[in-house]
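The structure appears below as structure tokens.
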Amino acid sequence: MHVVHHHQDDTVQRIGFFFEATEWSGKPVNREPDKCMGLEWFRVHELPEDLIEYPKEGLLGYLNDDGGLTEHGWAQRRHTAREVGSGPPAATGPEPTAG
């Protein structure tokens, strides 16, 4: 199993779980035809170029055995927050006293 913690923007974050199916019955069905153009089988090293980024990262993380967790989009958000000064304020507390 592999998990992707995905940050799309300030209002959309998600967690995706990626499993290897070793047994199944029936045929895959596209249950979201308004969001998905179709279903096709691909060899793992011959994936199409236009995969959506966070599922691609989950699949590659699983295939590369990257420790079970991929954080996608968070580093860019932290960098952007620091650039524009919109990150969380620094923690403040009482001044230290001489003991």
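In terms of my numbering, the sequence shown opens at residue 450 and continues consecutively.
Here a beta-carbon is modelled for each residue, glycine too, at the ideal position from N, C-alpha and C.
Everything numeric in this text was worked out from a predicted model, so none of it was measured.
- Pairing VAL493 with LYS505, the inter-Cα distance amounts to about 11 Å.
- When beta bridges are read from the DSSP output, LEU518 appears opposite VAL452.
- A Cβ-Cβ distance of about 21 Å is found for the pair PHE467 and MET486, leaving them out of contact under the 8 Å criterion.
- Looking at the backbone, the Cα of GLU489 and that of GLU472 are separated by about 18 Å.
- CA-CA distance, VAL452 to ASN513, rounds to 13 Å.
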